[in-house]
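Chains as they are written, first to last, in our numbering: chain A, 12 to 236; chain B, 562 to 825. Even for Gly, the Cβ is constructed at its ideal location relative to N, Cα and C. To start, the structure under review is shown below, and the notes come after it.
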Amino acid sequence: MSNYFYVAPEQLIRDRAEFAQKGIARGRSILGAIFDTGVVVVAENPSASLFKISEIYDRIAFAGVGKYNEFDRLREAGIRWADSTGFTYSRGDVDVRALANYYAQHLGDMFTEGQKPLEVEILVAQLGNSTRPTKLYRIAYEGTIADEPRFAVLGGDAETIKARFAASEDSLEPLTTTLKNAVGALAGPDRTIAVSDLEVGILEDRGERRTFTRLNDDQVSELLR
Amino acid sequence: MGLPLFNTSDDPGPSFFHFAQSTGLTPPVSSASATSAHATTVIAVRYQGGVVMVGDRQATGNYIASRDVRKIEAADRFTAIAISGTAARGIEFIRMAQLSFEHYEKMTDTTLSLEGKANYLSPIIQRNNLSSPLLVLPLLAGWDVALRVGRIFEYDGAGGCYERFDFSTIGSGTPFAEGTLRLGFNAELDRDGAIELGALAMYEAGDNDPSTGGPDFVRHLFPMIVTISSDGFQELEHDDVAERFRVINERRTQSGGVAGGSLR
Chain A
12 MSNYFYVAPE
22 QLIRDRAEFA
32 QKGIARGRSI
42 LGAIFDTGVV
52 VVAENPSASL
62 FKISEIYDRI
72 AFAGVGKYNE
82 FDRLREAGIR
92 WADSTGFTYS
102 RGDVDVRALA
112 NYYAQHLGDM
122 FTEGQKPLEV
132 EILVAQLGNS
142 TRPTKLYRIA
152 YEGTIADEPR
162 FAVLGGDAET
172 IKARFAASED
182 SLEPLTTTLK
192 NAVGALAGPD
202 RTIAVSDLEV
212 GILEDRGERR
222 TFTRLNDDQV
232 SELLR
Chain B
562 MGLPLFNTSD
572 DPGPSFFHFA
582 QSTGLTPPVS
592 SASATSAHAT
602 TVIAVRYQGG
612 VVMVGDRQAT
622 GNYIASRDVR
632 KIEAADRFTA
642 IAISGTAARG
652 IEFIRMAQLS
662 FEHYEKMTDT
672 TLSLEGKANY
682 LSPIIQRNNL
692 SSPLLVLPLL
702 AGWDVALRVG
712 RIFEYDGAGG
722 CYERFDFSTI
732 GSGTPFAEGT
742 LRLGFNAELD
752 RDGAIELGAL
762 AMYEAGDNDP
772 STGGPDFVRH
782 LFPMIVTISS
792 DGFQELEHDD
802 VAERFRVINE
812 RRTQSGGVAG
822 GSLR
């Protein structure tokens with residue numbers, strides 16, 4: 012006969028949260044912000060091939076911090092969900108809120124029932140049009156979902172970065188200004204991030220169905236000048 | 562549908578078709594009996610800087626069901642896909658192909674090569690045609706961004722994929738279109754020459770095949786003409802197409818319907 016030791020539920024949740032937070036804090040942060048004509052997501056990422064920011068659908072982007080294998084699987088599931096929803100109904104029926112809820116449910120399930128909680132935090136962004144609003148949803152490791160009105164920060168150092176970016180103008184600004192502010196907030200006062208260490212993805216209408224673009228180093232330098 | 566998560570061992574990978582099959586999104590294979598003629602003509606002609614495609618606009622059942630169907634669609638920026646056979650299956654096939662190429666691109670962050678796209682379609686055609694009398698036969702043409710040439714891929718009923726280095730046609734108007742293409746094709750064709758040859762072949766098919774809609778001067782409806790080159794998929798303007806068919810029609814009127822010799 013085996014012995015089961017009693018662990019108070021509060022203690023269990025605390026331990027799991029601490030475990031997940033530790034994993035997430037190891038990675039670098041991501042900032043997503045709405046600018047006057049779109050949404051920009053900026054990550055500090057020294058790798059030029061293992062991306063943290065990706066396209067999910069025509070007007071939806073994804074970003075993840077924490078364990079790469081874990082958020083990459085969520086990214087794949089998001090693409091599959093969006094493509095099959097659009098295939099079954101119509102492209103216009105793919106809405107970010109439904110996807111964000113599925114992510115929140117899954118992360119919540121894994122947090123309480125999984126072998127271990129997922130060590131990730133994710134952002135899903137939607138570029139609005141005449142029928143849908145522009146949206147930023149941040150979903151934490153335990154399934155908490157937050158609807159962020161102007162910008163969202165993910166990752167270990169989120170609170171400080173958030174405070175730095177919040178100090179910038181409250182109104183929507185052009186991409187150049189928003190990107191500069193975002194990079195400044197990620198870097199902090201004492202350090203600069205090399206352009207090659209930045210990953211930038213934007214959602215913007217260019218008269219095409221798909222709105223996501225990943226900016227290359229030259230485009231980023233040009234915008235930061 | 563909930564969030565589609567898979568274990569590493571049963572993950573369908575970047576193929577949307579395999580994912581759709583695993584989740585039951587594609588209709589189950591059946592052997593219901595219905596038949597349909599390949600009432601269509603679509604032509605692809607290779608030229609120096611790409612490929613020209615010409616497609617008729619008529620949907621034929623026991624009578625003419627529609628006169629303005631689009632049988633050529635852009636599968637992505639550098640690839641065009643055309644269908645012959647059952648309309649319902651053909652449309653599903655085009656949607657599946659378009660989505661599959663984009664799905665692959667999003668999942669892997671790389672674009673499929675043109676040859677990769679051509680091969681990808683083979684098992685989808687095979688699955689449809691060997692299990693259902695509702696046949697579909699596509700034609701794939703595109704600009705190969707790596708090799709910088711236009712390429713044409715045709716298929717047989719069992720899904721076999723064959724590259725053609727000159728031209729290809731699908732549908733019931735094939736014998737008439739092919740005859741014209743065989744006499745008119747040469748490897749030095751430029752864009753204009755290829756468009757003219759393709760339009761002429763379509764005129765012949767429309768003239769001889771009851772299930773191919775040639776130029777319709779009464780309703781001002783004309784076969785669609787597209788080019789796929791380094792500039793991507795481009796459809797010719799309606800007036801441009803109309804003018805090209807008007808010239809052919811004029812010539813044919815003056816010859817009293819005779820198509821031979823210099824009067825082509």
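Within 10 angstroms of the beta-carbon of N689 (chain B) lie 16 or more other beta-carbons, which makes it buried. Using a Cβ distance threshold of 7 Å, A136 (chain A) and V231 (chain A) do not count as a contacting pair. At a cut-off of 7 Å between beta carbons, K667 (chain B) contacts chain A. Positions of the alpha helix (DSSP H) runs, each at least 4 residues long and wholly inside the stretch 86–164 of chain A, are given as 107–124 in order along the chain. If you draw a straight line from the Cα of E634 (chain B) to the Cα of A74 (chain A), it is about 32 Å long.
Only exposed fits K33 (chain A), as fewer than 16 other CB atoms lie within 10 angstroms of its CB. With a threshold of 16 other beta carbon atoms within 10 Å, K127 (chain A) falls short and is exposed. Residue nearest to D770 (chain B) within the set B:T621, B:I786, B:I756, B:F783 is B:T621 (criterion: CA-CA distance). In the DSSP assignment, R607 (chain B) is bridged to B:V612. The stretch 570–585 of chain B and the stretch 89–98 of chain A touch, with three or more beta-carbon pairs separated by less than 8 Å. The alpha-carbon separation between D717 (chain B) and P776 (chain B) amounts to approximately 28 Å. Taken through DSSP and simplified to helix, strand or coil, S674 (chain B) comes out as coil. For I652 (chain B), the uninterrupted alpha helix (DSSP H) segment begins and ends at 648–669.
Contacts with chain A at 7 Å (Cβ-Cβ) do not include F778 (chain B). Bridge partners of T788 (chain B) according to DSSP: B:V613, B:Q795. The three-state secondary structure of R220 (chain A), taken from DSSP, is coil. I789 (chain B) and K63 (chain A) have their C-alpha atoms roughly 34 Å apart.
I625 (chain B): member of the beta strand (DSSP E) spanning 625–627, first to last residue. Excluding five sequence positions before and after I213 (chain A), the CB atoms of its chain that fall closer than 6 Å to its own CB belong to G49, V51, T224, given in chain order.
With respect to chain A, the C-beta atom of H664 (chain B) has a partner C-beta closer than 7 Å. Taking V802 (chain B) as reference, the option from B:V615, B:I625, B:A581 with the minimal CA-CA separation is B:V615.
Taking a C-beta distance under 7 Å as the contact criterion, V606 (chain B) and L758 (chain B) qualify as a contact pair. Nearest to D229 (chain A) by C-alpha distance, out of A:V211, A:T222, A:E215, A:R221, is A:V211. For L696 (chain B), the CB contacts under 8 Å within the same chain, skipping 5 residues up- and downstream, are S597, H599, G646, T647, R650, N689, N690, G718 in chain order.
The three-state reading of DSSP puts P573 (chain B) in coil, since its state is none of H, G, I, E or B.
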